[in-house]
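Heads up, the thing below is written out as structure tokens.
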């Protein structure tokens, strides 16, 4: 899992980082909430 979401915006798939550079931060037991 990564700290980002992907959603459909009027037929266009968009990706949004939940944290700055969230796509590069793996979710671990230490950083998950």
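Residue numbers (the numbering used here): 46 to 78.
Every residue, glycine too, gets a C-beta built ideally from N, C-alpha and C.
- Taking C-alpha positions only, residue 64 is separated from residue 48 by approximately 7 Å.
- The C-alpha of residue 61 is placed about 15 Å away from the C-alpha of residue 55.
- Just so you know, the alpha carbons of residue 70 and residue 76 end up roughly 9 Å apart.
- A straight line joining the alpha-carbon of residue 57 with that of residue 51 spans about 10 Å.
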